[in-house]
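Chains as they are written, first to last, in our numbering: chain A, 1 to 139; chain B, 140 to 400.
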């Protein structure tokens, strides 16, 4: 997107828009960034790997998704999880090769239960049933 | 995760870089709503009675979630009573299903001896409920004691076990007590004893100054006061997996209004 901004400034400066600068199709845009294209990865987060097995009794870990590369749509105050997921889905439909689907649906997540110690060695079994997604899309 | 919560073998398991690790820790702690990483005082790295009991609850919930997911897939409903589960009674499993949090509390203090010559043997137990998050209400609470068989010492003897809530303490005489439950036990009995302390726990939660703990006393059939240890009740010097503890089931009593973004 920073690239776009620079082009935007160029455009302001010159009276004639450069050929294709604004007319770049999303596919072209992404092609030019092939090596940093937005990709979705799966990762298993092991609490043991984090060295937390002395206070998290169960589960052993959990599966997560994340993306790296230049995702087209930065989440900010103007775009909430729902809009982001919708836009990400639309762009994915137009360019499924380079733009992954949204990382999660903004409304419903898996319910998980976690069993862990607190500082006083009390044990807490907490059910996280209605988890609200704070951020969505491809992050 | 596939339909029954198993991790796909296809997931890459790779070491996190320290920066990613720190980010992941921050994210997980924020999801768990914890200000920092807890530092429990674990004895010998082994689980004592409360974590073992809670792990059983966790496995019950997880297997129920799996069978519910499976049930949805196959269209059948699971029933959650397994004889091996300590929560075999329907009521307790209903509490577990309804609860959004369950907490076990470590016993903070134990007195085995008589404070005043004329006082009967008793054992005191105290639990710190200050860690309970605001807005959580106790739906059920149990005090659990393990009793071992002592028939080799008290052949054919029965004991009368009494559990009291300490209402007021005095420096120069016995505390004021409120009898919660009395139960007759055989010397040969062995296993976990559960006592319903839901009302007491709610009082402690609403008015912490009244949290003066519990007292347990035992008498022989002839009414003679006897030390609870002699009668087979396991205390802080007994086996880790038989330590006394309290467990409480909670349900959020307030509805959180999510701020609009």
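Note that beta-carbon positions come from the ideal geometry of N, C-alpha and C, so glycine has one too.
Legend entry - Proximity below 9 Å, CB of residue 334 (chain B) to CB of residue 284 (chain B): Against the second chain, residue 334 (chain B) aligns to sequence position 195. Against the second chain, residue 284 (chain B) aligns to sequence position 145. Going by C-beta atoms, residue 334 (chain B) is nearer than 9 Å to residue 284 (chain B).
Inset, instruction - Measure from the C-beta of residue 160 (chain B) to each C-beta in chain D and report whether the shortest distance is under 9 Å. - result: Any reference to chain D falls outside this structure, whose protein chains are A and B.
Inset, instruction - Alpha carbon to alpha carbon, how far is residue 318 (chain B) from residue 234 (chain B)? Give it in angstroms, no decimals. - result: Within the second chain, residue 234 (chain B) is the residue found at index 95, counting from 1. Within the second chain, residue 318 (chain B) is the residue found at index 179, counting from 1. If I take the Cα positions, the gap works out to 25 Å.
Inset, instruction - Can you tell me which of the three DSSP states residue 239 (chain B) falls into? - result: For the purposes of this step, residue 239 (chain B) is identified with residue 100 of the second chain, where counting begins at 1. Residue state, collapsed to three classes: coil.
Legend entry - residue 174 (chain B), buried or exposed, once every other Cβ within 10 Å from all chains shown has been counted against 16: By one-based count along the second chain, residue 174 (chain B) stands at place 35. By the Cβ-count criterion, residue 174 (chain B) is exposed, with fewer than 16 other Cβ atoms from all chains shown falling within 10 Å of its own Cβ.
Inset, instruction - Determine the burial state of residue 347 (chain B): buried for a count of at least 16 other Cβ atoms within 10 Å of its Cβ, exposed for fewer. - result: In the second chain, the residue the question calls residue 347 (chain B) occupies position 208. A residue is called buried when at least 16 other Cβ atoms come within 10 angstroms of its Cβ; residue 347 (chain B) does not meet this threshold and is exposed.
Legend entry - Alpha-carbon to alpha-carbon, residue 268 (chain B) and residue 344 (chain B): For this step, residue 344 (chain B) is matched to residue 205 along the second chain. For this step, residue 268 (chain B) is matched to residue 129 along the second chain. Each residue's Cα considered, the two are about 7 Å apart.
Inset, instruction - Please check if any C-beta of chain B sits within less than 9 Å of the C-beta of residue 58 (chain A). - result: The count along the first chain starts at 1 and reaches residue 58 (chain A) at position 58. Residue 58 (chain A) counts as touching chain B.
Inset, instruction - Could you name the residues of chain B that residue 101 (chain A) contacts, counting a contact when the two beta carbons are closer than 9 Å? - result: Looking up residue 101 (chain A) in the first chain gives position 101. In chain B, no part has a C-beta under 9 Å from the C-beta of residue 101 (chain A); the shortest such distance is about 17 Å.
Legend entry - C-alpha distance - residue 372 (chain B) paired with residue 160 (chain B), whole-angstrom precision: One-based indexing of the second chain puts residue 372 (chain B) at position 233. One-based indexing of the second chain puts residue 160 (chain B) at position 21. C-alpha separation (whole angstroms): 46 Å.
Legend entry - Whole-angstrom distance between residue 196 (chain B) and residue 226 (chain B), CA atom to CA atom: Sequence index remark: in the second chain, residue 226 (chain B) carries index 87 (1-based). Sequence index remark: in the second chain, residue 196 (chain B) carries index 57 (1-based). Bear in mind that the predicted position of residue 226 (chain B) carries a pLDDT of just 44, short of 50, making it unreliable; the figure below should be weighed with that in mind. If you take the alpha carbons of residue 226 (chain B) and residue 196 (chain B), they lie about 8 Å apart.
Inset, instruction - Measure the beta-carbon distance from residue 304 (chain B) to residue 337 (chain B) and round it to whole angstroms, keeping in mind my assumption that it falls under 8 Å. - result: What you label residue 304 (chain B) is simply residue 165 of the second chain in a count that begins at 1. What you label residue 337 (chain B) is simply residue 198 of the second chain in a count that begins at 1. About 12 Å; that fails the 8 Å criterion.
Inset, instruction - Give a yes or no on whether 9 Å exceeds the smallest Cβ distance from residue 120 (chain A) to chain B. - result: Residue 120 (chain A) sits at position 120 when you count from the first residue of the first chain. Chain B, which has a Cβ nearer than 9 Å to the Cβ of residue 120 (chain A), makes this yes.
Legend entry - Near-chain A residues of the region 258-282 of chain B - C-beta to any C-beta below 8 Å: Within the region 258-282 of chain B, the residues whose Cβ lies closer than 8 Å to some Cβ of chain A are 267, 270, listed in chain order.
Legend entry - Inter-stretch contact at 8 Å, needing at least 3 Cβ pairs: the region 94-103 of chain A / the region 38-46 of chain A: They touch, by the three-pair rule.
Inset, instruction - Under 8 Å Cβ to Cβ from residue 241 (chain B), same chain only, skipping five residues before and after it: list those, please. - result: Residue mapping note: residue 241 (chain B) aligns to position 102 of the second chain, counting from 1. Within the same chain, 193, 196, 235, 386, 387, 388, 389 come within 8 Å of residue 241 (chain B) by CB-CB distance, once the 5 residues on both sides are set aside.
Legend entry - Secondary structure, beta strand (DSSP E): runs of 3+ residues fully inside the region 264-310 of chain B: The qualifying runs are 275-286, 297-307.
Inset, instruction - Could you tell me whether any Cβ in chain B is nearer than 9 Å to the Cβ of residue 86 (chain A)? - result: Translated into the one-based positions of the first chain, residue 86 (chain A) becomes position 86. Cβ-Cβ to chain B under 9 Å: no for residue 86 (chain A).
Inset, instruction - Would you mind working out which of B:276, B:266, B:261 sits nearest residue 120 (chain A), comparing C-alpha positions? - result: Counted from its first residue, the first chain places residue 120 (chain A) at position 120. The residue with the shortest Cα to Cα distance from residue 120 (chain A) is B:266.
Inset, instruction - Confirm, please, whether the CB-CB distance from residue 362 (chain B) to residue 368 (chain B) is below 9 Å. - result: Along the second chain, read from residue 1 onward, the residue named residue 368 (chain B) stands at position 229. Along the second chain, read from residue 1 onward, the residue named residue 362 (chain B) stands at position 223. No, Cβ-Cβ distance for residue 368 (chain B) and residue 362 (chain B) is not below 9 Å.
Legend entry - Supposed contact pair residue 331 (chain B) and residue 297 (chain B) - C-beta distance, whole angstroms, cut 8 Å: Start at 1 with the first residue of the second chain, and residue 297 (chain B) comes out as number 158. Start at 1 with the first residue of the second chain, and residue 331 (chain B) comes out as number 192. The pair is not a contact, with the Cβ atoms about 19 Å apart (cut-off 8 Å).
Legend entry - residue 180 (chain B), buried or exposed, once every other Cβ within 10 Å from all chains shown has been counted against 16: Your numbering for residue 180 (chain B) matches position 41 in the second chain. By the Cβ neighbour-count rule, residue 180 (chain B) is exposed, with fewer than 16 other Cβ atoms within 10 Å of its own.
Inset, instruction - Would you identify the three-state DSSP class for residue 361 (chain B), choosing helix, strand or coil? - result: Translated into the one-based positions of the second chain, residue 361 (chain B) becomes position 222. Coil, per DSSP.
Legend entry - Buried versus exposed call for residue 295 (chain B) [16 or more other C-beta atoms within 10 Å across all chains shown]: Position 156 of the second chain holds residue 295 (chain B). Classification of residue 295 (chain B): exposed, given that the 10 Å Cβ count is below 16.
Inset, instruction - Could you name the residues of chain A that residue 189 (chain B) contacts, counting a contact when the two beta carbons are closer than 7 Å? - result: Position 50 of the second chain, counted from the first residue, corresponds to residue 189 (chain B). Near residue 189 (chain B) (Cβ distances below 7 Å), the residues of chain A are 123.
Legend entry - Straight-line Cα distance separating residue 90 (chain A) from residue 82 (chain A): As a position in the first chain, residue 82 (chain A) is number 82, starting the count at 1. As a position in the first chain, residue 90 (chain A) is number 90, starting the count at 1. Rounded to the nearest angstrom, the two C-alpha atoms are 12 Å apart.
Legend entry - CA-to-CA distance, residue 278 (chain B) to residue 342 (chain B), given in whole angstroms: Translated into the one-based positions of the second chain, residue 342 (chain B) becomes position 203. Translated into the one-based positions of the second chain, residue 278 (chain B) becomes position 139. One C-alpha to the other measures close to 12 Å.
Legend entry - For residue 325 (chain B), the residue or residues it bridges with in DSSP: Residue numbering aside, residue 325 (chain B) sits at position 186 when the second chain is read from its first letter. According to DSSP, which records beta bridges pairwise, residue 325 (chain B) is partnered with B:297.
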